[in-house]
Each structure stands twice: as structure tokens, then as C-alpha cells.
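Have a look at the structure below, then the notes.
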Amino acid sequence: MLLNVIAAFVALAPAPPTADAGNLTAVGKDGKTVIECPLERTSVNAYIAGFGARVTVVQTFSNTSTTPIEAVYTFPLPADAAVDRMRMEVGKRIIEGVIKRREEARRIYDAARAQGQTAALLNQERPNIFTQNVANIMPGDKVRVEISYSEILPYDHGQLEFQFPMVVGPHYLGNARDPNAISPSIIHKGTRTGTNIDLTVNLQAGAQIQSMESVLHQVNMQKTSPTTAIVKLTKRDEIPNRDFVLRYRLATDQVQSAFLTHVDPDKGGFFSLVFLPPVVPVATQIAPRELIFVMDQSGSQSGFPIEKSKEVTLKLIHAMRPGDTFNVLAFSNDVRALWRTPRPNTPENVAEAEKYIKPMVADGGTELRKAVVAALDIPEDPQRLRLVLFNTDGFVGDEKMILDSIQKHRRTSRVFTFGIGNSVNHFLIDAMSAEGRGASCTVTLNEKADGVVQQFLERTQTPVLTNIEARMEGVSVSDILPAHFPDVFAGRPVVVYGRYAGSGPGRVALTGKLGGEPWTQTMQVDFPARADAPALMGLWARRHVDDLVTANWLGQIAGDERMAKTDEIVDTALEFGIMTEYTSFVAVEPRVVNIGGRSRTVRVPVEMADGVSYEMGRDEKRLGSISSGVMAPAQLSQLQGVLVGGKGNSGSSGGFGGGGNFGGGGGVSGRPSRPSSTTGGLPIILPSSPSDKVERAEPLTPAEIAQRNYTHKVARNLRLAKGPVAVEIFLDNVSPETLKALTDLGLKADVVDKKLRLVLGTCEAAILSKLCQIEAVKRIEPLE
72 MLLNVIAAFV
82 ALAPAPPTAD
92 AGNLTAVGKD
102 GKTVIECPLE
112 RTSVNAYIAG
122 FGARVTVVQT
132 FSNTSTTPIE
142 AVYTFPLPAD
152 AAVDRMRMEV
162 GKRIIEGVIK
172 RREEARRIYD
182 AARAQGQTAA
192 LLNQERPNIF
202 TQNVANIMPG
212 DKVRVEISYS
222 EILPYDHGQL
232 EFQFPMVVGP
242 HYLGNARDPN
252 AISPSIIHKG
262 TRTGTNIDLT
272 VNLQAGAQIQ
282 SMESVLHQVN
292 MQKTSPTTAI
302 VKLTKRDEIP
312 NRDFVLRYRL
322 ATDQVQSAFL
332 THVDPDKGGF
342 FSLVFLPPVV
352 PVATQIAPRE
362 LIFVMDQSGS
372 QSGFPIEKSK
382 EVTLKLIHAM
392 RPGDTFNVLA
402 FSNDVRALWR
412 TPRPNTPENV
422 AEAEKYIKPM
432 VADGGTELRK
442 AVVAALDIPE
452 DPQRLRLVLF
462 NTDGFVGDEK
472 MILDSIQKHR
482 RTSRVFTFGI
492 GNSVNHFLID
502 AMSAEGRGAS
512 CTVTLNEKAD
522 GVVQQFLERT
532 QTPVLTNIEA
542 RMEGVSVSDI
552 LPAHFPDVFA
562 GRPVVVYGRY
572 AGSGPGRVAL
582 TGKLGGEPWT
592 QTMQVDFPAR
602 ADAPALMGLW
612 ARRHVDDLVT
622 ANWLGQIAGD
632 ERMAKTDEIV
642 DTALEFGIMT
652 EYTSFVAVEP
662 RVVNIGGRSR
672 TVRVPVEMAD
682 GVSYEMGRDE
692 KRLGSISSGV
702 MAPAQLSQLQ
712 GVLVGGKGNS
722 GSSGGFGGGG
732 NFGGGGGVSG
742 RPSRPSSTTG
752 GLPIILPSSP
762 SDKVERAEPL
772 TPAEIAQRNY
782 THKVARNLRL
792 AKGPVAVEIF
802 LDNVSPETLK
812 ALTDLGLKAD
822 VVDKKLRLVL
832 GTCEAAILSK
842 LCQIEAVKRI
852 EPLE
């Protein structure tokens, strides 16, 4: 049974697989040598037993140049994973990483780098975004960094899912507090990094496997028994540009519960309960609903994603109940509403919504927080349950602000999030629905929308288990997590973590309300004096940290209490050896291998997330720098006038006028002059009449064009620099004419990489405003 195998995953320790060479070129220390990309390969080994998974990620870095380098790599991991181990392998030497306060780990790493020691530093930038630094990789050397984590797999209506993210998508950085930490350089269109990935999943299901599906990758599936299987990526040179998603079903109805324990001689006992409530019949009396559909129209949704978002939204609209009311909001830089207030579900209103949605195109930045506040602050209908449905990839940098806004504005609304894309921001997608007491799911670009629509209907047509509480009897139990249980929809489990003292038989009593009626369920369990599942300590610690963070996303609690919570997060992370935003892993080779410690930093570029438009993904990041307030107000106004200018055609009935908004057949390239409604201090652009028209923006002056190029193409910190600067210039082409134009303006080109269409060199900061006027120049970034 599943109960007997769930503990097995903690004892599995895979050996690091062999890495293959990559082929991306980058710059060497002398400024002239062309070298291979320092990241050769990522190897992933996952061992799954029941609901639990232990995953080991091995990153192999190499240096084929003649000079020492430092590699910096930004990459994703699952947001709810407990990262509890990092080790570095140099040659045949293995150095175990240690967990430290983040600032202390940085000091240790910087000192080792300066002294010429090989060192590795692992930082958490977001719950699902990490940065790996590896210092003093010597010529000809390979350095392997092994990261390990454990997690509990999501279960929904008999299906378990293992998901491994492979790339950090192009986030909108306009509201990010730390844009450089979450925005790795993206490889040029038509080229690839040369970094490959291999992945192996060893599955011990604990019951007969009925079916398995790899959603986005070609795999070799080998069933080694009715209950076990090995799954591998078919291609050894797979491009890491989309999530790996493995879904499987078990041919049993025994997946009811699992009770896992671990006893540490110093820390005491730990337990986890995964409990699946019974499915109850559909309620006969269903309260009327108000549905607010919120669609992401930002640049990263351009192409396939926006079409998938339209498909999902339209099918959800057609699946509404006869007594429902609804409205549609869309957002990029602004939030735009179909109607001033929700309207009844009638054939006429549905037809009007179709005309509004079908012409949508994507452009602009992802001002998701504005959309959250706008949707949740619409005056409530006391006779209806409000459901707010967000379609987005979640590629933003201000996650905490968004989640804080949901906490403050949700009132009685339930928030459902549909992650649209093949590499979405799962941390934000899942956290939005958790804060909004709803549910989330991901819609990959090659899936039909029918499945997620049916899933939504099932979740909203069956009673929800609310007001959940857990009580343990028989032994002394403490620190039960989560402190406040989320509501549970039919087909999804309740997951409980806790600590215990003593041993012996016990009883778990779960209580709550199911469809508004009292509900209780008990389970007889045994709290042993000895049990070996060490990963459970890290999982408990991770949930404890998550509880502390989510209770106060923006740290707005009073000073002493805020410091106490931060200290508790740090103390928990240090005691249990897990990654948080305040703690980091660091490993240092004792030997000095680079006398003098001088090296060149090479940032590892990443693939563009699969399905995201190169042009729109990069434009959205640039627009983020505009929206961050760097420009003077007059300059910003001029730029916005350019970015939102449209053709001025009239829109369809009830839609928006003008080529840019929805009705007349545009995206967000037009900004109508019409009344706006203010909700929570944030404006929603509302339609005033079907005949609204949009004035065409005036042509730009040469000075305005020059300013636009400067703001779009030159990195923010370079715009503030003075004197000589080292730069990376990304080009559309590396023709002799382009190179001559660059050098004639004063650029000293040290390296020209035709394959990457990249020039590295030095110049005076004063000429950056001229360099960016060259048409072939795509962007200019600092070279570290």
C-alpha cells in the first residue's frame, strides 16, 4: 500500500550522473579569448515514493579557457520544496555546503573568491528562483554543484503530478525590488545556450500504475513492475526551456491517507499526515455567482499564450450557470473592463464578451497588482458568491506586493488562477489562489482547455471543506502546520505537519464544515519511538517558514514583532539546514588554486521560455525599467504616448474603441480618452459608449526617438554611470558596417562573437546615448 512506501523516498541517494560538454561561447579574462559557456549540463534525478519525492540536481560547470572565471547562474526550483543540501565537487574532492545567514555566507564566499579558493554560493531570490555562484573555476577544471530537495507531490482527483521547472521566464521588472536577481540574460533568437539537461524519474507508486503522461517532453517510460517505473527524457541534448510535467494515475481506491513519522534524538518526533476527504454529492441548492474574468495581455503573453488564454476564458464563459453574472477585465500597463458592472449570463451578453475577447493581442508590461486590486475592489453583490478568475503566466517581480494586496482586498471573494504557458511562475500562481481561498492549475500551450474547465466546474459545484482544524490525541503534539488551514476542494487532500513528544498509539481528529454542515473524520495512527524519514524535518521547517512569511508578506508588522518573526525564520532555517530568503548555502575548497584571486565573471544566459515571444518578452522587461520611475515625468509621458498609440477605429458594441483596445481589433496599443473608475486608488479604464474613438498619437520628434532608444536599450545602472564602463552590446547583426559604426563612436571592442551577435568592450558612459541609436543595437548591459 501507499502507506508503507511513502517513507522510502527519504533514504534514496542517487549518484551524480556524467555530464556532456556544451558549446556556447563567452568571454575570457583577457577580453579576447572565446571560451565555452561555463554551464555544461544540468542533470536531474528524482526518486518518488507515494506522495513524496527526493530530487537531486547536479550542475556541471567547466572552464576551457586559459584564465580563471566565476560563473553566475539563475535558475528555478519548485516553490514549495525544502532545499536541504548543497555540495561542491572539484576533481575528486567533495566539499559539503553549510547553511549560514545570507550576509555571512556572502562574506565567506567573497573572501574565498578574493583569496583564490574555489567556492560555491547558493542564494534564494524567490521561493522558486535561485542563484548559483561558482568562483575560481580554473582553466581545464570542472566543478560540479549538487543541490538536493524534498517535496510532497500535489494530488487531485486520483492524479499525482511531478513537476520540475527548467527556466526562469522574462519577468516584468517595473515593480521589482531586485530586478537583477531575477532577470538572467536571454539567448538571442535563433541560437541556443549549448547547455543541455537530462532527467530521470524513478517512481515507486505504492499501488498499480494505471497511466502515465509526460505533458511537454518526449520520454522513455519503462514499467519495471505494476507499481514501479523509470522515466527518462528521450533526448540527451534537451533544451531547458519549459517545465517537465509527469502526471500519473493509480488503479486503486486505496489512496486515502498516509502517515509519515521521523524521530531525531535531539529535535524529537515529526509527523506528516496526507488525508483525502470523501467526495460528497453535488449540492442541490447552489448559491448564485458573480464571475470576474481577468486576462493578462502583457507582452510575455504574445502569440500562443494569449490565444490559449482566450480559449480558456471563452469556454469558462460558455460553462456559466443560467443565473450567473459576469464581467471581463484585461490588463497590461492598465486595467480595462468590458462593462461598468457585471451583467447577467444571457446570449446577448455572452456574444458581446466574445467580440471583446477574440480580437485581443498582447503588448506592454504586467501590472498584475493593479488588476488584483481592481477586480477585488469592485462593489460586491451581497446576493452572490464572487469568483475571480485570473489568466496569467505570473512573470512579475513584485510577488509579495501582489499577495499582500489579495490579503487586504479579498473579503468574501474566491480567487482562482490559471497559469497560462509552459514555464509559468508557479510560486505566484499557487500563492494567489491560496491567499484567495481558491485553487490553481496550469494550462500548457499544447493542452486543450476542456480539462481545466471541467476541473473548475467540479471544484465549484461540490461543497468545499472549510474551517479545518486538526486535533491529535494520545501523545503530546505541538507546532501543527499550517497554522490556518486553507479550504479544500473535492478530490484534493488535507496535508498536516507537526511535532510530537513521547510515543504510542494515537488518534487524529479532523473537523470542519463541508457544504456549511459540521464534518469530522478520525484516523488511528501510531507515534513510534523510532522512525527514519529525515526529509520530514526539512518539510516541516519549510512549512513553518512559509507560515511566518505568508502571515505578513510585506513585513508591515511593528518593528519588534517583525524582527522576532525574521529571527524565527532564520533560526528555523539554520537549525534544520534549509534554504530561505535569509539563509544561503556556501562551500569553500580549502586549497588556494588561483594565486591573486583575479578572474572574470561570466553570467550564464538562459533559453527563452518556450511559447514566449522573443520580442514581446524582452520588450516587457524594457518597459518594466520605464515604469520604475527612472525617467522624468515629461519623458515618461512622451514614451507612454508612443507605446499606446493606436489607429483610432471605432470598436464593437460594448467593447473598446480604437485599434488598440479590444473592440476594434487591436491589443493594448491604443489608449482611449474616456472616463475612468477608481478602485483602491488604481484606475480602471471603462467604456463610455460604443462610438468611443482614439486619437492617433502625434509622430515622435527625433529627440523623443533618441530618448526612447536610450531608455529601452541601455540598462538602468549604465544610465547612471560616469567615466569608462565595460559593456555587453547585443546586436541584430554583426556586419562590418555595424562594427564600424560602433567603433567610430568610440567603442573599444575587445571581443566580437558572431554566433551570439554580441560585442564586449569598453567606452565612456557619455557615448552610450549615441551607441543605442544604431539600429542594429538591441540592448546594452554592464559587463562584470
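Each position in the sequence shown, counted from 1, maps to that position plus 71 in the numbering used here. All C-beta atoms, glycine included, are put in the ideal place defined by N, C-alpha and C.
| query | result |
| --- | --- |
| By DSSP, does Leu842 sit in helix, in strand, or in coil? | helix |
| Throw me the rounded Cβ distance for the Ser285 and Leu331 pair, which I believe falls under 8 Å. | Not confirmed; about 27 Å, so no contact. |
| Are Glu141 and Arg184 closer than 8 Å when you measure CB to CB? | yes |
| Quick one: residues in its chain with C-beta nearer than 6 Å to the C-beta of Phe341, no 5 flanking neighbours on either side, listed in chain order? | His333, Arg570, Leu607, Met608 and Trp611 |
| Start and end of the beta strand (DSSP E) containing Leu802? | Pro795 to Leu802 |
| Using 8 Å as the threshold, is the C-beta distance between Val523 and Cys512 below it? | yes |
| Going by DSSP, which residues form a beta bridge with Val486? | Val459 |
| Give the C-beta separation of Ala847 and Asp803 to the nearest angstrom, bearing in mind that I take them to be a contact with Cβ-Cβ under 8 Å. | 5 Å |
| Just mark Gly726 as buried or exposed, buried being the case when its beta carbon has 16 or more other beta carbons within 10 Å. | Low per-residue confidence applies at Gly726: pLDDT is 29, beneath 50, and the placement is therefore not dependable, though the value from the model is reported in the following sentence. Buried, because 16 or more other Cβ atoms sit within 10 Å of the Cβ of Gly726. |
| Between the stretch 154-166 and the stretch 630-646, can you find at least three pairs of beta-carbon atoms closer than 8 Å? | no |
| So the candidates are Ser328, Val514, Leu499 and Ala358; which of them puts its Cα closest to the Cα of Lys381? | Val514 |
| Of all the beta strand (DSSP E) runs that stay within the bounds of the stretch 572-640, which reach a length of 3 or more residues? | 575-585 and 588-598 |
| So, under 8 Å CB-CB, Phe466 and Thr437 are touching, yes? Tell me the CB distance rounded to an integer number of Å. | 6 Å |
| In terms of residue numbering, what span does the alpha helix (DSSP H) encompassing Val495 cover? | Per DSSP, Val495 belongs to no alpha helix (DSSP H) and is neither H nor E. |
| Would you call the stretch 824-843 in contact with the stretch 775-791, where contact means no fewer than 3 C-beta pairs closer than 8 Å? | yes |
| Note down the Cα distance separating Pro795 from Leu818, rounded to an integer number of angstroms. | 10 Å |
| Leaving out five residues on either side along the sequence, give the residues of the same chain with a beta carbon under 6 Å from the beta carbon of Arg662. | none |
| If you measure between the beta carbons of Ile170 and Leu645, is that distance less than 8 Å? | yes |
| Could you pull out every residue in the same chain whose Cβ sits closer than 7 Å to the Cβ of Ala658, ignoring the five residues on either side in sequence? | Met157, Arg158, Met159, Ile166, Glu167, Gly168, Ala190 and Ala191 |
| Taking contact to mean 3 or more Cβ pairs, one atom from each stretch, closer than 8 Å, check whether the stretch 121-141 and the stretch 224-241 are in contact. | yes |
| What number of angstroms, rounded off, separates the C-alpha of Gly583 from the C-alpha of Val345? | 16 Å |
| Could you compute how far the alpha carbon of Ser221 sits from the alpha carbon of Asp155? | 8 Å |
| Output the distance between the C-alpha atoms of Ser401 and Lys784, rounded to the nearest integer angstrom. | Rather than Ser, the amino acid found at residue 401 in this sequence is Ala. For Ala401 and Lys784, the distance between alpha carbons rounds to 28 Å. |
| Could you tell me the distance, in whole angstroms, from the CA atom of Gly374 to the CA atom of Arg828? | 25 Å |
| Could you compute how far the alpha carbon of Gly229 sits from the alpha carbon of Glu470? | 31 Å |
| Compute the Euclidean distance between the alpha carbons of Met283 and Gln526, then round it to the nearest angstrom. | 19 Å |
| From Met366 to Ala408, what distance separates their C-alpha atoms? | 10 Å |
| Give me whichever residues DSSP pairs with Tyr568 in a beta bridge. | Ser343 and Leu552 |
| Alpha carbon to alpha carbon, how far is Leu903 from Ser484? | Given that the chain is displayed from residue 72 to residue 855, the structure contains no residue 903 and the question cannot be resolved. |
| Determine which residues share a DSSP beta bridge with Pro807 and list them. | In DSSP, Pro807 forms no bridge with anything. |
| Run through DSSP, which three-state label would Ser221 get? | strand |
| Give the straight-line distance between the Cα atoms of Leu753 and Val444, rounded to the nearest whole angstrom. | Unreliable positioning characterises Leu753 in this predicted model, as indicated by a pLDDT of 45, which lies under 50. The coordinate reading is nonetheless provided below. The alpha-carbon atoms of Leu753 and Val444 are separated by roughly 7 Å. |
| Per DSSP, Asp335 forms a beta bridge with which residues? | Gly339 |
| In the DSSP assignment, find the alpha helix (DSSP H) that holds Ser254 and state where it starts and stops. | Counting along the chain, Ser254 falls outside any alpha helix (DSSP H), and DSSP gives it neither H nor E. |
| Using a 10 Å radius around the Cβ and a threshold of 16 neighbouring Cβ atoms, would you call Gly667 buried or exposed? | exposed |
| From Arg601 to Pro576, what does the alpha carbon distance come to, in whole angstroms? | 13 Å |
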